[in-house]
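Here the structure is laid out as structure tokens; the discussion comes afterwards.
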Amino acid sequence: MRVADDPKALARILIAPALIYIGAVIGVPFVLSLWFAVSDVTVSSAAGNYVGLENFRSAMGDPSFRRALRNTFLFAVASQVIVVILATTLAVALQKDFRGKWIVRLLILLPWVAPVSLGSIGWLWILDSIYSVINYGLYHWLHLCGPEPGMTACPVWLGQPSLAMASIIGVQVWRTLPLATVINLGGLSSIPQDIHDAANIDGAGFFRTMFQITIPLVLPILLVAVLFGFVFAFTDMIVVWVLTRGGPYDMTQVLASLAFFKGIDGGDLAGASAIALFLFPVLAAAAILLLRLARRAEVI
Amino acid sequence: MTISRRKLIQVAGAGAAALALPKKTLAAKKTLRILQWNHFVPAYDKWFNGQYIKEWGEKNDTEVIVDNVGIPAINPTAAAEVSAKKGHDLFMFLWPRPAYEEDVIDHGEIYQECEKKFGKPIDLAIKSTYNPKTKKYFGFSDMFVPDPINYRIDLFEQVGGNVDSWDNIRKYGKMIKDKTGVPVGIGQAAEIDTAMAMRAVLYAFGGSEQDEQGNIVLNSKNTLEAVKFVKALYQETMTPEVLSWDASSNNRAMLAGKASVVLNAISVTREGENKGMEIVDKIGLAKAAQGPTRRMGLEHVMSNFVIWKFAENIDGAKKFLVDLIGNFHRAYEASEYYNFPCFPKQVADLKETLANDKKGKPAGKYSVLADAQQWATNVGFPGYANAAIDEIYSTWVLNTMFGQASTGAMSPEDAVKEADAKCRKIWQKWKERKLL
Numbered sequence: 147m148r149v150a151d152d153p154k155a156l157a158r159i160l161i162a163p164a165l166i167y168i169g170a171v172i173g174v175p176f177v178l179s180l181w182f183a184v185s186d187v188t189v190s191s192a193a194g195n196y197v198g199l200e201n202f203r204s205a206m207g208d209p210s211f212r213r214a215l216r217n218t219f220l221f222a223v224a225s226q227v228i229v230v231i232l233a234t235t236l237a238v239a240l241q242k243d244f245r246g247k248w249i250v251r252l253l254i255l256l257p258w259v260a261p262v263s264l265g266s267i268g269w270l271w272i273l274d275s276i277y278s279v280i281n282y283g284l285y286h287w288l289h290l291c292g293p294e295p296g297m298t299a300c301p302v303w304l305g306q307p308s309l310a311m312a313s314i315i316g317v318q319v320w321r322t323l324p325l326a327t328v329i330n331l332g333g334l335s336s337i338p339q340d341i342h343d344a345a346n347i348d349g350a351g352f353f354r355t356m357f358q359i360t361i362p363l364v365l366p367i368l369l370v371a372v373l374f375g376f377v378f379a380f381t382d383m384i385v386v387w388v389l390t391r392g393g394p395y396d397m398t399q400v401l402a403s404l405a406f407f408k409g410i411d412g413g414d415l416a417g418a419s420a421i422a423l424f425l426f427p428v429l430a431a432a433a434i435l436l437l438r439l440a441r442r443a444e445v446i
Numbered sequence: 002m003t004i005s006r007r008k009l010i011q012v013a014g015a016g017a018a019a020l021a022l023p024k025k026t027l028a029a030k031k032t033l034r035i036l037q038w039n040h041f042v043p044a045y046d047k048w049f050n051g052q053y054i055k056e057w058g059e060k061n062d063t064e065v066i067v068d069n070v071g072i073p074a075i076n077p078t079a080a081a082e083v084s085a086k087k088g089h090d091l092f093m094f095l096w097p098r099p100a101y102e103e104d105v106i107d108h109g110e111i112y113q114e115c116e117k118k119f120g121k122p123i124d125l126a127i128k129s130t131y132n133p134k135t136k137k138y139f140g141f142s143d144m145f146v147p148d149p150i151n152y153r154i155d156l157f158e159q160v161g162g163n164v165d166s167w168d169n170i171r172k173y174g175k176m177i178k179d180k181t182g183v184p185v186g187i188g189q190a191a192e193i194d195t196a197m198a199m200r201a202v203l204y205a206f207g208g209s210e211q212d213e214q215g216n217i218v219l220n221s222k223n224t225l226e227a228v229k230f231v232k233a234l235y236q237e238t239m240t241p242e243v244l245s246w247d248a249s250s251n252n253r254a255m256l257a258g259k260a261s262v263v264l265n266a267i268s269v270t271r272e273g274e275n276k277g278m279e280i281v282d283k284i285g286l287a288k289a290a291q292g293p294t295r296r297m298g299l300e301h302v303m304s305n306f307v308i309w310k311f312a313e314n315i316d317g318a319k320k321f322l323v324d325l326i327g328n329f330h331r332a333y334e335a336s337e338y339y340n341f342p343c344f345p346k347q348v349a350d351l352k353e354t355l356a357n358d359k360k361g362k363p364a365g366k367y368s369v370l371a372d373a374q375q376w377a378t379n380v381g382f383p384g385y386a387n388a389a390i391d392e393i394y395s396t397w398v399l400n401t402m403f404g405q406a407s408t409g410a411m412s413p414e415d416a417v418k419e420a421d422a423k424c425r426k427i428w429q430k431w432k433e434r435k436l437l
């Protein structure tokens, strides 16, 4: 009875399960990986010796790591720039009333609802070197490429470094666009209609309204979408693992996939943890910065 | 209607007993849990899961449970089991995993028992499961799968060539590509078939990751020659498709008529035969190609059963392996001659069965595999498969080296140097962990 009457105690009790859950599922593995990164544990033995920053030094001396670091930034930045542009455009379009709006919304949401591994496998077949439906169309319907003499060879989507990188960026965009669109849509819906009406009366055109009213007002929410997108792009390996496994010759390797190959397949859990945690300080700083920007934009 | 307290207790007691009794009966029966791959020849799983384990279970009063998983799930599952110290009693890897040496029992006893009953195992099995440094058998191989050359008989006839040597593959592969547009299909990607194929070239050219004593010797003249050769082979006879391949892409390419040569097990032809595909009669098999130094191929799959130290039924798992060798002829037949014996006496009629295979056309197609043991070697040749070799293999160091040079992204010299530096680092690490 006394606890039920004490709001502070009650609050602690009510929040405790969530804290315990987060601690067990995120906190413990995180602390464990911090230990792994400064030890010499292998996939076989979790009881390792402390080796300081040796795993980080070793990673930085590895050309595969440097390539993966570069690829990770390219993959994350390129995919998120495209996502922000497309999500904003889609959100603005979906705010308007038109016939079949619900089905368009459903179709946009589908990639988010489907398991990412299944979606990626679908893309693997779409981009396959032998059975690519895109290449089938380019050859049979558009006659733009093909195996016949005199024709340009069809693109090997996952076999040529630049195309392979473009492919994994494209699939990542396909995958994260729905979330960003929905978040943006929520932001757009929260802008009072009278602001738009006032702009309209003052004679503001589409672009002036978009860049001087809509985007500044929706920015705090847009930044949250960007933050989510960056975190997914920096830490996720499914798209890369399913489509290219880091190939051709490491040209699409990202830190998360490299850590997986090194730790789970190669057995070097310590080295893999160092690779996986390498960007943690950068990501944490970026998250804090984006959240602060979002809050500041909200106040303004 | 009223129920007395006495009646309620009687009914509840009877119910509880009924629930408890079957459990007790079940608990008396032992359990053996096995994890292995989805076999490339589905008939094997049909025999193993549907027939063999049931017979063995009845004879040994054991409930045998088999979990079949895809190749990509094997390593993550093993890591999870070791981390949790709980899992299957028998775990099958498709290539040696000496990194787990500390978590597995010494399998030497199983080899001894099998040797007593079924004769000596082949050297390939020992080289793939034994650590000479710690004197421990970190696994047990019941079978290996030869990795012959699959080639299009009709296309090679058109240009009057053969696949007997790497030089011929290059020469006639180019002629075929120029004439028909069908390229050679030897992987250059981050996957196991590439890993095996590239080692086949490397060893045939006299290069290797380590020498017999276990010293790193990758950066050698012979390795450089092998890399230069693969670069020429890629540029003259292949397309960038091979850079994007996974382990089954070469099967698909061959059966779709899109490759003139691939290195693969007999799963290509078996799949074609079982699906009644016309092209399969045009696909021939040949032994590993001759290189400047030797004729050498890899095994396509090297079975490595391990028994975890934390397994609940270690004795059952040991007995299961010994009995599996005792029944190996059935396993060989069920796999449609895909699984080759590590205890050769168990398939004494290997040559005859291959010669008399009814599915293969032209007749005698599979006879070429009869001496596979002579030209198949282990990952880590001429030394043993050790933890460093495992990491080099699993992180695709050699695949990347060949791919970088083939495409011109790096000079052959730089690609070899980079790979050598990686190997040395890996070597040093596992030495410090006292597994080398």
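Protein sequences, first through last, are from chains A and B. First residue of the first sequence? That's 147 in this note's numbering, and the numbers climb one at a time after it. First residue of the second sequence? That's 2 in this note's numbering, and the numbers climb one at a time after it. Ideal Cβ positions, reconstructed from N, Cα and C, are used throughout, including at glycine. None of these values were measured; they are calculated from a predicted model.
| chain B contact for Gly173/A (CB, 8 Å cutoff) | No, no contact with chain B.
| said: Residues of the segment 166 to 199 of chain A in Cβ contact with chain B at a cutoff of 8 Å, in chain order, please. | reply: Only those residues of the segment 166 to 199 of chain A whose C-beta falls short of 8 Å from the nearest C-beta of chain B are listed: Asp186, Thr188, Val189, Ser190, Ser191, Ala192.
| field | Straight-line gap, Asn195/A to Pro338/A (C-alpha atoms, nearest Å) | value | Whole-angstrom Cα-Cα distance: 60 Å.
| said: So that I know if they touch, is there some Cβ in chain A lying closer than 8 Å to that of Arg340/B? | reply: For the sequence presented, residue 340/B should be read as Asn rather than Arg. So no, Asn340/B is outside the interface.
| query | Along the chain, where does the alpha helix (DSSP H) that runs through Ile276/A open and close? | reply | For Ile276/A, there is no enclosing alpha helix (DSSP H), since its DSSP letter is neither H nor E.
| What do you reckon, are the CB atoms on Lys232/B and Ser407/B nearer than 8 Å? | Yes, the Cβ-Cβ distance between Lys232/B and Ser407/B is below 8 Å.
| If you draw a straight line from the alpha carbon of Lys360/B to that of Glu274/B, how long is it in whole angstroms? | Take the alpha-carbon of Lys360/B and the one of Glu274/B: they are about 7 Å apart.
| request: Have a look at Ala312/A and Lys259/B and give me their C-alpha separation to the nearest angstrom. | output: Rounded to whole angstroms, Ala312/A to Lys259/B spans 25 Å at the Cα level.
| Going by other Cβ atoms of all chains shown within 10 Å of its Cβ, with 16 needed for buried, is Phe92/A buried or exposed? | A question about residue 92/A goes unanswered here, because the residues of chain A that appear run from 147 up to 446.
| Residues of chain B with CB under 7 Å from Leu304/A, in chain order? | Here the neighbours are Ser245.
| request: Can you tell me which of Ile159/A, Ala344/A, Ser191/A puts its alpha carbon nearest to the alpha carbon of Ala85/B? | output: Nearest of Ile159/A, Ala344/A, Ser191/A to Ala85/B, Cα basis: Ser191/A.
| Whose C-beta lies closer than 8 Å to the C-beta of Leu325/A among residues of the same chain, with five residues either side of it excluded? | The residues are Trp258, Ala371, Phe374, Gly375.
| request: Taking Pro149/B and Leu370/B to be in contact with their CB atoms under 8 Å, please state how far apart those CB atoms are, rounded to whole angstroms. | output: The pair is a contact, with the Cβ atoms about 6 Å apart (cut-off 8 Å).
| field | Closest by C-alpha distance to Leu355/B, when choosing among Leu203/B, Gly109/B, Gly182/B, Ile267/B | value | Selected option, being the one with the closest Cα: Ile267/B.
| What does Ile410/A touch in chain B if you count any residue whose Cβ is under 8 Å from its own? | What Ile410/A touches in chain B: Asn76, Pro77, Ala80.
| Rounded Cβ spacing between Lys283/B and Asp372/B (contact assumed at less than 8 Å) | Actually they are not in contact, since the Cβ atoms of Lys283/B and Asp372/B sit about 24 Å apart, beyond 8 Å.
| request: Note down, one range per segment and in chain order, each alpha helix (DSSP H) of at least 4 residues found wholly within the segment 61 to 90 of chain B. | output: Counting whole runs of 4 or more residues, the segment 61 to 90 of chain B contains the alpha helix (DSSP H) stretches 72 to 85.
| What does a CB cutoff of less than 8 Å around Gly58/B pick up in its chain, not counting 5 residues either side in sequence? | Within the same chain, and ignoring the five residues on either side of Gly58/B in sequence, the residues whose Cβ sits closer than 8 Å to its Cβ are Leu33, Glu64, Val65.
| Under 8 Å between C-beta atoms, does Lys1/B make it to chain A? | Nothing can be reported for residue 1/B, as the shown portion of chain B is limited to 2 through 437.
| With a cut-off of 8 Å, does the C-beta of Asp382/A fall near any C-beta of chain B? | No, Asp382/A lies away from the interface with chain B (no Cβ there is under 8 Å from its Cβ).
| Where Val146/B sits in the DSSP three-state scheme | The DSSP-derived three-state label of Val146/B is strand.
| query | Can you list the residues of chain A that Glu414/B reaches, using a CB-CB cut of under 9 Å? | reply | Within chain A, no residue comes near Glu414/B; the closest Cβ sits about 15 Å away, beyond 9 Å.
| said: Can you tell me which residues form a DSSP beta bridge with Ile329/A? | reply: None; Ile329/A has no bridge partner.
| request: Hey, could you find the ends of the beta strand (DSSP E) Phe141/B is sitting in? | output: For Phe141/B, there is no enclosing beta strand (DSSP E), as DSSP marks it with neither H nor E.
| Which value, in whole angstroms, describes the spacing of the CA atoms of Cys343/B and Val317/A? | Between the alpha carbons of Cys343/B and Val317/A lies a gap of roughly 44 Å.
| request: Tell me whether the beta-carbon of Phe329/B lies closer than 8 Å to the beta-carbon of Val348/B. | output: Contact flag set, yes.
| Status (buried if at least 16 other CB within 10 Å, exposed otherwise) for Ser403/A | Per the 10 Å Cβ criterion, buried.
| message | Quick check: the Cα distance between Leu288/A and Ala74/B, rounded to an integer number of angstroms? | response | Distance between the alpha carbons of Leu288/A and Ala74/B: 40 Å.
| By Cβ distance below 7 Å, which residues in the same chain neighbour Val243/B in space, the five residues on each side in sequence not counted? | Same-chain partners within the cutoff: Gly186, Ile187, Gly188, Gln189, Ala190.
| query | Hey, how far is the Cα of Gly298/B from the Cα of Gly305/A? | reply | Put simply, the backbone Cα of Gly298/B is about 26 Å away from that of Gly305/A.
| request: Would you tell me roughly how many angstroms separate the C-alpha atoms of Ala44/B and Val262/A, rounded to the nearest one? | output: Rounded to the nearest whole angstrom, the CA to CA distance from Ala44/B to Val262/A is 32 Å.
| message | When you compare the segment 291 to 303 of chain A with the segment 332 to 349 of chain A, are there three or more beta-carbon pairs, one atom per stretch, that lie closer than 8 Å? | response | Inter-segment contact for the segment 291 to 303 of chain A and the segment 332 to 349 of chain A is absent: fewer than three beta-carbon pairs are separated by less than 8 Å.
| said: What does the Cβ neighbour count give for Met1/B, buried or exposed, with the cut at 16 atoms within 10 Å? | reply: Here chain B covers residues 2 to 437 and nothing more, so residue 1/B does not appear.
| Considering only residues of the segment 134 to 221 of chain B, which uninterrupted beta strand (DSSP E) runs meet the minimum length of 3 residues and lie entirely inside it, listed in chain order? | Listed in chain order, the beta strand (DSSP E) runs fully inside the segment 134 to 221 of chain B are 144 to 147, 150 to 153, counting runs of at least 3 residues.
| C-alpha gap between Leu368/A and Asn330/A, whole angstroms | Rounded to whole angstroms, Leu368/A to Asn330/A spans 6 Å at the Cα level.
| Any idea which residues DSSP pairs Phe92/B with across the strands? | According to DSSP, Phe92/B bridges with Leu36/B, Val307/B.
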